[in-house]
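*Asks:* Here it is, the structure, as structure tokens.
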Ligand SMILES: [Zn+2]
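Numbering (our numbering), first residue to last: 1392 to 1769.
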């Protein structure tokens, strides 16, 4: 029997261990009172059933709150509790993995291997004991900053957009201690969201390969927290892996203009929303849901994700790239990649672009597995 193209990409997608290093469904559940073991089609990008449909084997769940959250460490723990509870309710479908061994065991049993990533160093509240505690509960990466800086690390947003930044840029002594402690624990240092100076201080301090969990290429789309060529080369040299974000605004250099035009049209409504909550993502979420037709027109073209990938591969090789969609944390996905169920289209497109099966398996998750093992305690 002749194997059709459709069968071969699906077979390859199923055979590969597909790893996604960033998903915000937990936060969406927390805010809206959902649970991701419910059917959430039409409401979110992801749920437990749709992870399966999309062929995702390993999903990092982001533990996140913004910089204004009171008691962020307690908040992080409550989010972890939610993930634990979901896993307890579905022991046949999901297993929280602490190690590469547990990850492989879960995948072998056809369960979703759930892993925990802490997005924002502010959640340790300047205390290494809290870092240890999060590690002990399963956190296997921490993004040193989110968009807010911590007292010990400056973020990309603050380094680039805050002209009155009084803080010295980069990591201070405590910041370097955090990086060293993460190395000791076997917790991946995630350099998405961090400022350029923090990036250099961290990569020069870390004794292990680092992670970039959800970022894209600055040369193709000059968004404030995309990676510049010298940073990309440094990740290659360090043995790290850059996982691409699917956000239209990080892939498509024309998106910012389109988004600004959208905001101009809806300015009056946006201003009133910003009075309720000054964080722009709140107003964006509301307006994007309300004016969905306009938003569909703004999506990044599908090919751009693969252009970013090809750029990284050309610069540092196929061993240093992966995927970190940011589903449920972004309000514009590329065309055709509307939700987690569309993940197999990535494998189809990689084959169409001429990548070998071996390279596709690395991109989809093999590179991440190598990175995780390199960080684990021996
Ligand atoms: Zn993020």
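Glycine included, each C-beta is placed from N, C-alpha and C at the ideal position.
Since the model is a prediction, treat every value here as computed from it, not as a measurement.
With 16 other CB atoms within 10 Å as the buried threshold, where does residue 1554 fall?
*Replies:* One-based indexing of the chain shown puts residue 1554 at position 163. Its Cβ having fewer than 16 others within 10 Å, residue 1554 is exposed.
*Asks:* Nearest CA to the CA of residue 1454: which residue from 1534, 1714, 1709?
*Replies:* The count along the chain shown starts at 1 and reaches residue 1454 at position 63. It is 1534 whose Cα lies nearest to the Cα of residue 1454.
*Asks:* Should residue 1645 go down as buried or exposed, given a rule of 16 or more other Cβ atoms within 10 Å for buried?
*Replies:* Here residue 1645 refers to the residue found at position 254 of the chain shown. With fewer than 16 Cβ atoms within 10 Å of its Cβ, residue 1645 is classed as exposed.
*Asks:* Excluding five sequence neighbours on each side, which residues of the same chain lie with their C-beta closer than 7 Å to the C-beta of residue 1392?
*Replies:* By one-based count along the chain shown, residue 1392 stands at place 1. The predicted position of residue 1392 is uncertain, since its pLDDT is 48 and thus under 50; no value can be drawn from it.
*Asks:* Starting from the Cα of residue 1464, find the closest Cα among 1509, 1540, 1697 and give me that residue.
*Replies:* Mapped onto the chain shown, residue 1464 falls at position 73. When only C-alpha atoms are compared, the closest one is 1509.
*Asks:* Step through the CB atoms of chain C and report whether any lies within less than 9 Å of the CB of residue 1511.
*Replies:* Reference to chain C is not applicable here, since this structure consists of a single protein chain.
*Asks:* If we ignore side chains and look at the alpha-carbon of each, how far apart do residue 1677 and residue 1525 end up?
*Replies:* Stepping through the chain shown from its first residue, residue 1677 is reached at position 286. Stepping through the chain shown from its first residue, residue 1525 is reached at position 134. Cα to Cα, the separation comes out at about 32 Å.
*Asks:* Using only CA atoms, which one of 1589, 1566, 1492, 1484 lies nearest to residue 1519?
*Replies:* Working through the chain shown from its first residue, we reach residue 1519 at position 128. It is 1566 whose Cα lies nearest to the Cα of residue 1519.
*Asks:* Within this structure, are the beta carbons of residue 1751 and residue 1703 separated by less than 9 Å?
*Replies:* On the chain shown, position 360 is the one that residue 1751 refers to. On the chain shown, position 312 is the one that residue 1703 refers to. Contact flag unset, no.
*Asks:* Less than 9 Å between the C-beta atoms of residue 1616 and residue 1691, yes or no?
*Replies:* To locate residue 1616, count along the chain shown from 1; it is residue 225. To locate residue 1691, count along the chain shown from 1; it is residue 300. Cβ distance not < 9 Å, so residue 1616 and residue 1691 don't count as in contact.
*Asks:* Less than 8 Å between C-beta atoms, sequence neighbours within five positions excluded: which residues of the same chain meet that for residue 1689?
*Replies:* Start at 1 with the first residue of the chain shown, and residue 1689 comes out as number 298. Around residue 1689: 1639, 1646, 1649, 1650, 1653, 1723.
*Asks:* Can residue 1534 be considered in contact with ligand 1, in the sense that its beta carbon sits closer than 8 Å to one or more heavy atoms?
*Replies:* The sequence position of residue 1534 within the chain shown is 143, counting from 1. Under cutoff, so the answer is yes.
*Asks:* The alpha helix (DSSP H) spanning residue 1694 covers which residue range?
*Replies:* As a first step, residue 1694 must be located in the chain shown, where it is residue number 303. Residues 1694 to 1707.
*Asks:* Which residues in the same chain as residue 1532 place their Cβ atom closer than 6 Å to its Cβ, once the five residues preceding and following it in sequence are excluded?
*Replies:* Reading the chain shown from its first residue, position 141 is the one you call residue 1532. 1508, 1579, 1581, 1602.
*Asks:* What is the DSSP secondary structure of residue 1343, counted as helix, strand or coil?
*Replies:* As shown, the chain starts at 1392 and ends at 1769. That puts residue 1343 outside it, with no answer to give.
*Asks:* So, helix, strand or coil for residue 1414, using DSSP?
*Replies:* For this step, residue 1414 is matched to residue 23 along the chain shown. Strand.
*Asks:* I need the DSSP call for residue 1627, collapsed to helix, strand or coil.
*Replies:* Taking the first residue of the chain shown as position 1, residue 1627 is located at position 236. In this structure, residue 1627 counts as helix in the three-state DSSP scheme.
*Asks:* Enumerate in chain order the residues of its own chain whose CB-to-CB distance from residue 1431 is below 7 Å, with the five nearest sequence positions on each side excluded.
*Replies:* Position 40 of the chain shown holds residue 1431. For residue 1431, where only same-chain residues beyond five positions count, the Cβ hits under 7 Å are 1425, 1438.
*Asks:* Can you tell me where the alpha helix (DSSP H) with residue 1581 in it begins and where it stops?
*Replies:* Position 190 of the chain shown, counted from the start, is the residue given in the question as residue 1581. Where residue 1581 is concerned, there is no enclosing alpha helix (DSSP H), although the beta strand (DSSP E) it sits in stretches over 1579 to 1581.
*Asks:* Between the stretch 1491 to 1500 and the stretch 1756 to 1768, are three or more C-beta pairs nearer than 8 Å?
*Replies:* Touching, yes.
*Asks:* Am I right that residue 1445 and residue 1712 are in contact with their C-beta atoms under 8 Å? What's the rounded C-beta distance?
*Replies:* Here residue 1445 corresponds to residue number 54 of the chain shown, with the count starting at 1. Here residue 1712 corresponds to residue number 321 of the chain shown, with the count starting at 1. So it is not a contact: roughly 19 Å between Cβ atoms.
*Asks:* Tell me the rounded alpha-carbon separation between residue 1686 and residue 1477.
*Replies:* By 1-based counting over the chain shown, the position of residue 1686 is 295. By 1-based counting over the chain shown, the position of residue 1477 is 86. Roughly 32 Å between the two C-alpha positions.
*Asks:* Does the Cβ of residue 1411 lie closer than 8 Å to at least one heavy atom of ligand 1?
*Replies:* By one-based count along the chain shown, residue 1411 stands at place 20. No.
*Asks:* So, using beta-carbon positions, are residue 1427 and residue 1715 closer together than 9 Å?
*Replies:* Residue 1427 sits at position 36 when you count from the first residue of the chain shown. Residue 1715 sits at position 324 when you count from the first residue of the chain shown. No. Outside cutoff.
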